[in-house]
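One line per chain: the protein sequences are A and B, in this order. Following the working numbering, the numbering of the first sequence begins with 70 at its first residue and continues without gaps. Following the working numbering, the numbering of the second sequence begins with 2 at its first residue and continues without gaps. I have placed the structure first, in the form of structure tokens, so that the comments after it can refer back to it.
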Amino acid sequence: MPLEGIYLFGLLAGALALLAASGVGSLLAGRWSERGAVAIGAGGAGVACVAGLAAAVGALLRRVDLTVARPWRMPYGEFRLGLDPLSAFFLIPLFLLSGLAALYAIGYFRPWKGRNPGRFWLFYNGLVASMALVVAARNGVLFLAAWETMTIASFFLVIFDETDSRSAHAGWIYLVATHLGTALLIGLFVWLGRGAGSQDFGTYAAPAGMAGGLFVLGLAGFGTKAGLYPLHVWLPEAHPAAPSPVSAVMSGVMIKTGLYGIVRLLVILGTVPGWCAWLVLGIGAASGILGVLFALAQHDLKRLLAYHSVENIGIIALGIGLGMLGVHTGMPALAALGFAGGLLHVLNHAIFKGLLFFGAGAVAHATGTRDIEQLGGGMKRMPWTGAAFLIGSAAICGLPPFNGFISEFLIYMGAFKAILGSGPAALGGVTVLTALALIGGLAAACFAKAFGIVFLGEPRSAAASAAREVGASMRVPMAVLAGLCLAIGLLAGAGLRAMDPVVAMLTGLPSSVAAPGAGRVLMPAALFGVLALLLGGLLLLAVLRRRLLAGRANRETVTWDCGYAAPAASMQYTATGFAQPLTQAAEGILRPRVESQLPQGVYPASGAYHADTPDVARRMLFDPLFRAAAKRLGRLRWLQQGRVHWYVFYLVAVLVLLLGWALRA
Amino acid sequence: MSAASWIHPVLALALAPLLPVLIQRVKALFAGRCGPPWGQGYIDLWKLFRKGGIASRTTTWVFRAGPLVNFACLLAALAVMPLGAVSAPLPFDGDWVLLAYLLGLGRFFTVTAALDTGSSFEGMGASREVQFAVFAEPALLIGLAALARETQSLSLSPIYAGLAAGGELPLRILLGAGFFVLYLAENCRIPVDDPATHLELTMIHEVMVLDHGAVDLGFIQWGSALKLWVLGALWAGLLPLGALPGPLSRLAAGAGAILVLAILTGIVESVTARVRLLRVPQLLVGAGVLCALGLLLTFR
Chain A
70 MPLEGIYLFG
80 LLAGALALLA
90 ASGVGSLLAG
100 RWSERGAVAI
110 GAGGAGVACV
120 AGLAAAVGAL
130 LRRVDLTVAR
140 PWRMPYGEFR
150 LGLDPLSAFF
160 LIPLFLLSGL
170 AALYAIGYFR
180 PWKGRNPGRF
190 WLFYNGLVAS
200 MALVVAARNG
210 VLFLAAWETM
220 TIASFFLVIF
230 DETDSRSAHA
240 GWIYLVATHL
250 GTALLIGLFV
260 WLGRGAGSQD
270 FGTYAAPAGM
280 AGGLFVLGLA
290 GFGTKAGLYP
300 LHVWLPEAHP
310 AAPSPVSAVM
320 SGVMIKTGLY
330 GIVRLLVILG
340 TVPGWCAWLV
350 LGIGAASGIL
360 GVLFALAQHD
370 LKRLLAYHSV
380 ENIGIIALGI
390 GLGMLGVHTG
400 MPALAALGFA
410 GGLLHVLNHA
420 IFKGLLFFGA
430 GAVAHATGTR
440 DIEQLGGGMK
450 RMPWTGAAFL
460 IGSAAICGLP
470 PFNGFISEFL
480 IYMGAFKAIL
490 GSGPAALGGV
500 TVLTALALIG
510 GLAAACFAKA
520 FGIVFLGEPR
530 SAAASAAREV
540 GASMRVPMAV
550 LAGLCLAIGL
560 LAGAGLRAMD
570 PVVAMLTGLP
580 SSVAAPGAGR
590 VLMPAALFGV
600 LALLLGGLLL
610 LAVLRRRLLA
620 GRANRETVTW
630 DCGYAAPAAS
640 MQYTATGFAQ
650 PLTQAAEGIL
660 RPRVESQLPQ
670 GVYPASGAYH
680 ADTPDVARRM
690 LFDPLFRAAA
700 KRLGRLRWLQ
710 QGRVHWYVFY
720 LVAVLVLLLG
730 WALRA
Chain B
2 MSAASWIHPV
12 LALALAPLLP
22 VLIQRVKALF
32 AGRCGPPWGQ
42 GYIDLWKLFR
52 KGGIASRTTT
62 WVFRAGPLVN
72 FACLLAALAV
82 MPLGAVSAPL
92 PFDGDWVLLA
102 YLLGLGRFFT
112 VTAALDTGSS
122 FEGMGASREV
132 QFAVFAEPAL
142 LIGLAALARE
152 TQSLSLSPIY
162 AGLAAGGELP
172 LRILLGAGFF
182 VLYLAENCRI
192 PVDDPATHLE
202 LTMIHEVMVL
212 DHGAVDLGFI
222 QWGSALKLWV
232 LGALWAGLLP
242 LGALPGPLSR
252 LAAGAGAILV
262 LAILTGIVES
272 VTARVRLLRV
282 PQLLVGAGVL
292 CALGLLLTFR
């Protein structure tokens, strides 16, 4: 096994090196040939992702657990990389989605002539490599360096479309938010490393009684990247602004590095106080419910999807919170189910959210708009994209037989285990059950709207009626992800075993199957029997329908509109109208800005209704906070002279002060 | 898994078309009319399955998939739904989550099929349907959680077997009331929706299937009848029927309870009016509160 582990580790290291080399190579090649730049950048990313995926899957199946260290000339820094089940598990969606997004990007950027594509591939391949490095790092300084590289690379990808002024603003919000999170993380690592005198993850030791404080610090720092409510404010700005392949990678895997951080912190700390579990449960429920509510009120397809990322991160947090509750109350079955469900949802969310962002990107690519109210009739014009988006929609709503159902099912089962028990754990179970049920209903409403208005009915604008199906390089990634949604939904019973070592790391159990009662629940074979029955029944019904209709007159006509024979596209229900009953019910939370012109008189000639729902956390919490900060800090503006010799003076002054401080002893 | 467990799905498929007719006959009795003949449900299906199709030019395969997916979901639901404390064919821990989500899948595809027509009426119905589901789904799951806690099991079959053997009366009453409201709402009956209305603007479920015809409409009608049956079985299991000897007599008693529920529905439809659409969420939240009270009872 150790030898095998070294080979897999080498494969991973090779993938990282190839990503870095191909990114730089693509930028250089772009000076001479656009096609050459794409070939080097995308080819390097593709090969590296296949290699990385193979290494991650192999490491997870073989239960590899090893660490490799190289000295690094950096105070406290060391090039210490590790590959254990937890890292391997997070690397799987990372390389899977990044590889597919690279393929998708080839088609997506084809119309962008005359601009060096190497700029994109440099940052894209850098982003993928730094994300993998974050997951593999075993040293605090190295982790922060990789974390920062990831942030910078994704920032440049967000603002990549320089023709869109909004993306610059979105990138700015992202940069500020994510650096505030990083500041907290620096505090976390300094605190963790103080006792041990080293930044090696293995030597970290939480000072007695401080585990709770450290966890909260990590939760806030990592939660900013993950998009936990109310630290999510950058997410609905940055994800829509980025090019679609980047949105898919950011939403599907980059925000998961925040969750990885939280889970890794749990492993490092070992035990955290019970109230931490309740905190995670509460934040998870808030993120889940508020995320989907805000998604429901959006008209921008990609912004809607971005809010669904907040929702799904909330679902994952509910699973992790249940797992922590199980560890705290000594219920191994609950712990195993909660962690297994939460982590499986990490993988599943990467798959269906990547698919949905690819679909949204294809629609934007074909029509030039992301405004749902301008779209319609996409299914007829883009049948592949439409079918893939439908599968992704059903999967994200947690509907059987797709993958989202499996992970939500595990979290539900954890909640039931808690409810059947006694004491405070039952309260946690009821919280999760209610939150998940509410989220499920709202998500179904939201995706009935998103899919129904964009892909069904008649086109609502000239751009939508001129839409054409996208090319193969964009279709293939969608088809692969849609296939995975179904495959995981039907075959999870067999695949869940591979997750045992990951769950064991978090629960402290030898293996989740060894937990009393957990093994039986993790793989209810009859569930897959019923799912097979569902699909078999559907197939049978389709054949029966065809047989019954064969040989009979099958006619086509207009849609029934009370006998009105000239239905127009503008008569269709709008997305705003579709969601209005629910957004109205949640008006107190959403606080939409409504502009309406009610019909007047006996023969009203016109009427209008428009509702816009900006983020409440941003409007009510962060905007006032930053305005106040800007006002206070504005008094220091005299320091900014704009003359270089003043800045040189500042540098010298600070250096002299530091020298004095260092020599004080 | 015994042979007796397969009787329920067959029984449901065969007898479900009786339920809408039974409700109509009760309503006719109240109105002083004679109502449709007992076999009307079967006659309608026979007629619809032999007709040629007609569909809107706007529609795609999503429109045609809607009724089939919904029907397949109900077929799959029958695999986990026990009747009269006789185990279902494929019970497993957590099967009630699958039941709730199968109903959700059927609803999702019914709604998308409606939106596929591009009709504003159908869009309106679809919007209302998803809105009510948001309130109904948590109520259903909380009620089932109460039953799970009461019987300390995680699968519908042992839950209802345990409930037939014993269980507290207050819990049965609270959940009986809660599930009855959910049954009326999910099956689009008065006071939430009126299956007999003739005005598109006021419809919910009926308007979503306006453009469907022939085989598709047949599957929709059979599917609605099956949904009455499945959710009826959920309610019927709350009655203390476990004392009866032998699975056959218990199955018969369960089927009888479903018929009684249909008669109750007919009575409710005859003596009450629809509530305003804006008040429907309140009604459903009320059902949720009843279920939550039931759950609270089990914590004593």
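Virtual Cβ for every residue (Gly too), placed ideally from N, Cα, C.
Check your understanding: Could you give the uninterrupted runs of the alpha helix (DSSP H) lying entirely in the stretch 480-551 of chain A, keeping only those of 4 residues or more?
Key -> 493-524 and 531-534
Check your understanding: Can you tell me whether N381 (chain A) is buried or exposed, with buried defined as 16 or more other CB within 10 angstroms of its CB?
Key -> The residue you call residue 381 (chain A) lines up with position 312 of the first sequence. N381 (chain A) comes out buried.
Review point. Shorter than 8 Å from the beta carbon of G461 (chain A) to some beta carbon of chain B?
Key: Taking the first residue of the first sequence as position 1, residue 461 (chain A) is located at position 392. Judged by the 8 Å Cβ criterion, G461 (chain A) is not in contact with chain B.
**Study point:** According to DSSP, residues forming a beta bridge with P140 (chain A)
**Key:** By one-based count along the first sequence, residue 140 (chain A) stands at place 71. Answer is A:E147, bridged to P140 (chain A).
Check your understanding: Would you call C554 (chain A) buried or exposed, if buried means 16 or more other Cβ atoms sit within 10 Å of its Cβ?
Key -> As a position in the first sequence, residue 554 (chain A) is number 485, starting the count at 1. C554 (chain A) should be labelled buried.
Review point. If we call anything under 8 Å between Cβ atoms a contact, is G383 (chain A) one with A354 (chain A)?
Key: Counting from 1 along the first sequence, the entry for residue 383 (chain A) is found at position 314. Counting from 1 along the first sequence, the entry for residue 354 (chain A) is found at position 285. Annotated as proximal: G383 (chain A) and A354 (chain A), with beta-carbon spacing under 8 Å.
Check your understanding: Can a CB atom of chain A be found closer than 8 Å to the CB of T198 (chain B)?
Key -> By one-based count along the second sequence, residue 198 (chain B) stands at place 197. It does not: the Cβ of T198 (chain B) has no partner Cβ on chain A nearer than 8 Å.
**Study point:** L261 (chain A) vs L288 (chain A) beta-carbon contact at 8 Å
**Key:** The residue given as residue 261 (chain A) occupies position 192 in the first sequence. The residue given as residue 288 (chain A) occupies position 219 in the first sequence. Between L261 (chain A) and L288 (chain A), the C-beta gap is not smaller than 8 Å, which leaves the two residues out of contact.
Practice item. Find the nearest neighbour of T273 (chain B) within the set B:A4, B:F31 and B:V210, judged by alpha-carbon distance. Key: Position 272 of the second sequence, counted from the first residue, corresponds to residue 273 (chain B). T273 (chain B) has its Cα closest to that of B:F31, out of B:A4, B:F31 and B:V210.
Check your understanding: Should Y102 (chain B) be flagged as near chain A, meaning a C-beta pair shorter than 8 Å?
Key -> For this step, residue 102 (chain B) is matched to residue 101 along the second sequence. True, the Cβ-Cβ gap to chain A drops below 8 Å.
Exercise for review: Go ahead and label V216 (chain B) buried or exposed: buried means 16 or more other beta carbons lie within 10 angstroms of its beta carbon, across all protein chains shown.
Suggested key: For the purposes of this step, residue 216 (chain B) is taken as residue 215 along the second sequence, with counting starting at 1. Buried, since its Cβ has 16 or more Cβ neighbours within 10 Å.
**Study point:** Backbone CA spacing between P159 (chain B) and A256 (chain B) [nearest angstrom]
**Key:** Position 158 of the second sequence, counted from the first residue, corresponds to residue 159 (chain B). Position 255 of the second sequence, counted from the first residue, corresponds to residue 256 (chain B). Spanning the two alpha carbons is a distance of roughly 19 Å.
Check your understanding: So, helix, strand or coil for N417 (chain A), using DSSP?
Key -> Locating residue 417 (chain A) in the first sequence gives position 348, where the first residue counts as 1. Note: N417 (chain A) maps to helix in three-state DSSP.
Check your understanding: Excluding five sequence neighbours on each side, which residues of the same chain lie with their C-beta closer than 8 Å to the C-beta of A594 (chain A)?
Key -> In the first sequence, counting from the first residue as 1, residue 594 (chain A) sits at position 525. Closer than 8 Å at Cβ, skipping near neighbours: G562.
Check your understanding: Between A:V612, A:A533, A:E538 and A:G521, which lies nearest to V112 (chain B) when the distance is taken from Cα to Cα?
Key -> The residue given as residue 112 (chain B) occupies position 111 in the second sequence. Of the candidates A:V612, A:A533, A:E538 and A:G521, the one whose C-alpha sits nearest the C-alpha of V112 (chain B) is A:G521.
Exercise for review: Could you tell me whether any Cβ in chain B is nearer than 8 Å to the Cβ of G521 (chain A)?
Suggested key: Here residue 521 (chain A) refers to the residue found at position 452 of the first sequence. Yes, because at least one Cβ of chain B sits closer than 8 Å to the Cβ of G521 (chain A).
Practice item. Enumerate in chain order the residues of its own chain whose CB-to-CB distance from P570 (chain A) is below 8 Å, with the five nearest sequence positions on each side excluded. Key: Position 501 of the first sequence, counted from the first residue, corresponds to residue 570 (chain A). These residues qualify, in order along the chain: L129, R132, P154 and S580.
Check your understanding: Mind checking whether G467 (chain A) and F474 (chain A) have CB atoms under 8 Å apart?
Key -> The residue labelled residue 467 (chain A) in the question sits at position 398 within the first sequence. The residue labelled residue 474 (chain A) in the question sits at position 405 within the first sequence. Going by C-beta atoms, G467 (chain A) is nearer than 8 Å to F474 (chain A).
Point to revise | Identified DSSP bridge partners for L135 (chain A) | key: Within the first sequence, numbered from 1, the residue matching residue 135 (chain A) stands at position 66. L135 (chain A) pairs with A:L152.
Check your understanding: Can you give, in chain order, each stretch of the alpha helix (DSSP H) that sits fully within the stretch 28-68 of chain B and has at least 4 residues?
Key -> 41-50
Point to revise | Ranges of the alpha helix (DSSP H) found wholly within the stretch 604-685 of chain A, counting only runs of at least 4 | key: 644-654 and 656-659
Check your understanding: chain A partners of E138 (chain B), CB-CB under 8 Å?
Key -> Locating residue 138 (chain B) in the second sequence gives position 137, counting from the first residue. Under the 8 Å cutoff, chain A gives A506, L507, G509 and G510.
Review point. For K52 (chain B) and chain A, any beta-carbon pair shorter than 8 Å?
Key: Working through the second sequence from its first residue, we reach residue 52 (chain B) at position 51. Interface residue, yes.
Review point. Is any beta-carbon of chain A found at less than 8 Å from that of A80 (chain B)?
Key: Reading the second sequence from its first residue, position 79 is the one you call residue 80 (chain B). At least one chain A Cβ lies under 8 Å of A80 (chain B).
Review point. Relative to the C-alpha of L413 (chain A), which residue among A:L160, A:G271 and A:W344 is closest?
Key: Your numbering for residue 413 (chain A) matches position 344 in the first sequence. Taking only the C-alpha atoms, the option nearest L413 (chain A) is A:L160.
Check your understanding: Thinking C-alpha only, which one of A:R733, A:F478, A:M451 and A:L596 is nearest S62 (chain B)?
Key -> The residue labelled residue 62 (chain B) in the question sits at position 61 within the second sequence. Note that residue 62 (chain B) corresponds to Trp in the displayed sequence, not to Ser. Taking only the C-alpha atoms, the option nearest W62 (chain B) is A:M451.
Exercise for review: Keeping to the same chain, check which residues put their C-beta closer than 8 Å to that of R537 (chain A); ignore five residues upstream and five downstream.
Suggested key: Taking the first residue of the first sequence as position 1, residue 537 (chain A) is located at position 468. Excluding sequence positions up to five before and after R537 (chain A), its CB lies within less than 8 Å of the CB of A435, R450 and M451, all in the same chain and listed in chain order.
Check your understanding: Residues of chain A with a CB under 8 Å from the CB of A127 (chain B): which are they?
Key -> Locating residue 127 (chain B) in the second sequence gives position 126, counting from the first residue. Result: A517, G521, Y642 and F647.
Check your understanding: At a Cβ threshold of 8 Å, is F180 (chain B) touching chain A?
Key -> Along the second sequence, read from residue 1 onward, the residue named residue 180 (chain B) stands at position 179. It does not; no Cβ of chain A falls within 8 Å.
Review point. Which of the three DSSP states, helix, strand or coil, is assigned to L84 (chain B)?
Key: On the second sequence, residue 84 (chain B) is found 83 positions in, with the first residue counted as 1. In the three-state reduction of the DSSP assignment, L84 (chain B) falls in the strand class.
**Study point:** Coil, strand or helix - D369 (chain A) by DSSP
**Key:** Taking the first sequence and counting its residues from 1, one reaches residue 369 (chain A) at position 300. Three-state result, D369 (chain A): strand.
Check your understanding: Along the chain, where does the alpha helix (DSSP H) that runs through P593 (chain A) open and close?
Key -> Here the question's residue 593 (chain A) lines up with position 524 in the first sequence. That residue, P593 (chain A), is in no alpha helix (DSSP H); it is neither H nor E in DSSP.
Review point. Along chain A, in chain order, which residues have C-beta atoms closer than 9 Å to that of S158 (chain B)?
Key: Along the second sequence, read from residue 1 onward, the residue named residue 158 (chain B) stands at position 157. Within chain A, no residue has its beta carbon less than 9 Å from that of S158 (chain B); the closest one is some 11 Å off.
Check your understanding: Using DSSP with H/G/I as helix, E/B as strand and the rest coil, what is N188 (chain B)?
Key -> What you label residue 188 (chain B) is simply residue 187 of the second sequence in a count that begins at 1. DSSP places N188 (chain B) in coil when its eight states are reduced to three.
Review point. Per DSSP, what kind of secondary structure is S3 (chain B) in: helix, strand or coil?
Key: Taking the second sequence and counting its residues from 1, one reaches residue 3 (chain B) at position 2. Looking at S3 (chain B) - three-state DSSP - the assignment turns out to be coil, as it is neither helix nor strand.
Exercise for review: Answer yes or no: do G321 (chain A) and F291 (chain A) have a C-beta to C-beta separation smaller than 8 Å?
Suggested key: To locate residue 321 (chain A), count along the first sequence from 1; it is residue 252. To locate residue 291 (chain A), count along the first sequence from 1; it is residue 222. Contact: no.
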